[in-house]
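What follows is a short report on a single structure.
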Ligand SMILES: C[S@@+](CC[C@H](N)C(=O)[O-])C[C@H]1O[C@@H](n2cnc3c(N)ncnc32)[C@H](O)[C@@H]1O
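Numbering (UniProt numbering), first residue to last: 1 to 313.
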């Protein structure tokens, strides 16, 4: 049984029901995420773009100050538009050899493999299609250089807060003293603003969530009636957890191929994704509890978002 099917069955058999957000990213999901990033409400992209486009030299200097010849592994790069600023700067200073974009979406890896050689002619581009941690292990087998791991766009927020230290420890266990990570983290701010970012007025976030039901229908033989579910986003300013759900609009039964059937009650929810927000102090704690030392924090002008550089200790 393939992993996608196993994970969907497990999630829908659970109480409360859930689906894993890493499956959002098929070709349509990638396109919808591009649209979300262009929404006015989705401030995260603009904030991180501001950091990467206006503080590129300062980011590069701190990295090069630690080491002057290394490889870059990027976990979940998406379109890599923000990282390109830094990659160009580092390549211009002859500081990097190979860029390993790691993404669960083969569509993303194909696109980057086509697009990046034109923009980064001096760099070897070695795309790795798969999960963050297993592909980091693959990159380590191929490259024996010092590494800089990029993890941008607050992808780290999609890991529940209770699991984030363990996730960072696992990254650390694949790295060596001298390696660095550069992580984009969304910060706590006005709760209304956060909630709006996950419920944009164009309805792209809604479509992005519903698209996973379409993917299940197409790839696993499901029979979800898309119109019978709606998207719902919540933000808890105390814990910093922003959560997306799909809500069943009526009592209904959904079948996944010839594998299983699931009953949904009217107003029953399916948990889809967490986007955890942190304070700057919490980001330092994650670093020290997972074997890293914070070296620098970069901010956008509003201090809504941070890109932190940690070194392995
Ligand atoms: C929210 S997008 C962010 C993209 C990019 N970092 C940015 O800042 O624009 C998440 C990206 O990570 C990828 N991704 C999500 N979960 C993943 C996983 N478990 N392993 C590998 N890639 C994953 C998705 O396919 C997508 O390209």
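Even for Gly, the Cβ is constructed at its ideal location relative to N, Cα and C.
As the structure is a prediction and not an experimental result, all values here were calculated from the model.
* To do: Assess, as a yes-or-no matter, whether the segment 166-179 is touched by the segment 258-277 under the definition of 3 or more beta carbon pairs within less than 8 Å.
  => no
* For residue 234, which residues of its own chain have a beta-carbon under 6 Å away from its beta-carbon, when the five flanking residues on both sides are left out? -> Start at 1 with the first residue of the chain shown, and residue 234 comes out as number 234. Within the same chain, residue 234 has close Cβ partners 243.
* First and last residue of the beta strand (DSSP E) that includes residue 263? -> Residue mapping note: residue 263 aligns to position 263 of the chain shown, counting from 1. It spans 260-264 - the beta strand (DSSP E) in which residue 263 sits, taken as one unbroken run.
* Asked: Apart from the five residues just before and just after residue 39, which ones in its own chain have a Cβ nearer than 7 Å to its Cβ?
  -> Position 39 of the chain shown holds residue 39. These residues qualify, in order along the chain: 200, 202, 204.
* Leaving out five residues before and five after residue 298 in sequence, what residues of the same chain have Cβ atoms less than 6 Å from its Cβ? -> Position 298 of the chain shown, counting from 1, holds the residue named residue 298. So the qualifying residues of the chain are 51, 55, 307.
* Asked: Among residues of its own chain, excluding the 5 on either side of residue 156, which ones have a beta-carbon nearer than 7 Å to its beta-carbon?
  -> Working through the chain shown from its first residue, we reach residue 156 at position 156. The answer, listed in chain order, is 164, 183, 185.
* To do: Determine the contact status of residue 292 and residue 181, defining contact as a CB-CB distance below 8 Å.
  => Here residue 292 refers to the residue found at position 292 of the chain shown. Here residue 181 refers to the residue found at position 181 of the chain shown. Yes, they are a contact pair.
* The alpha helix (DSSP H) enclosing residue 56, as first and last residue numbers -> Here residue 56 refers to the residue found at position 56 when the chain shown is read from its first residue. Where residue 56 is concerned, the enclosing alpha helix (DSSP H) stretches over 56-66.
* Could you tell me the boundaries of the alpha helix (DSSP H) in which residue 173 lies? => Here residue 173 refers to the residue found at position 173 when the chain shown is read from its first residue. Start and end: 161-173.
* Asked: Looking only at its own chain, which residues have a Cβ that is under 7 Å from the Cβ of residue 21, when we skip the five neighbours before and after it?
  -> Locating residue 21 in the chain shown gives position 21, where the first residue counts as 1. Excluding residues within five positions, the ones whose Cβ falls inside 7 Å are 158, 272, 273.
* Ends of the beta strand (DSSP E) at residue 253? -> Sequence index remark: in the chain shown, residue 253 carries index 253 (1-based). Counting along the chain, the beta strand (DSSP E) containing residue 253 begins and ends at 252-256.
* Where does residue 275 fall in DSSP's three states? -> Taking the chain shown and counting its residues from 1, the one referred to as residue 275 is at position 275. DSSP places residue 275 in strand when its eight states are reduced to three.
* From 8, 18, 127, residue whose alpha carbon lies closest to that of residue 248 -> As a working note, residue 248 is residue 248 in the chain shown. Out of 8, 18, 127, 18 has the C-alpha closest to the C-alpha of residue 248.
* For residue 182, which of helix, strand or coil comes out of DSSP? -> Position 182 of the chain shown, counted from the first residue, corresponds to residue 182. Strand, per DSSP.
* Asked: Where do the N-terminal and C-terminal ends of the alpha helix (DSSP H) with residue 83 fall, by residue?
  -> If you number the chain shown from 1, residue 83 lands on position 83. From DSSP, the alpha helix (DSSP H) with residue 83 extends over 81-92.
* **Candidates 265, 245, 246, of which the one nearest residue 253 by Cα** => As a working note, residue 253 is residue 253 in the chain shown. Taking only the C-alpha atoms, the option nearest residue 253 is 265.
* Asked: Can the beta-carbon of residue 277 be found less than 8 Å from the beta-carbon of residue 187?
  -> Taking the first residue of the chain shown as 1, we reach residue 277 at position 277. Taking the first residue of the chain shown as 1, we reach residue 187 at position 187. Yes, the Cβ-Cβ distance between residue 277 and residue 187 is below 8 Å.
* Alpha carbon of residue 173 to alpha carbon of residue 31, nearest angstrom -> Taking the chain shown and counting its residues from 1, one reaches residue 173 at position 173. Taking the chain shown and counting its residues from 1, one reaches residue 31 at position 31. Spanning the two alpha carbons is a distance of roughly 33 Å.
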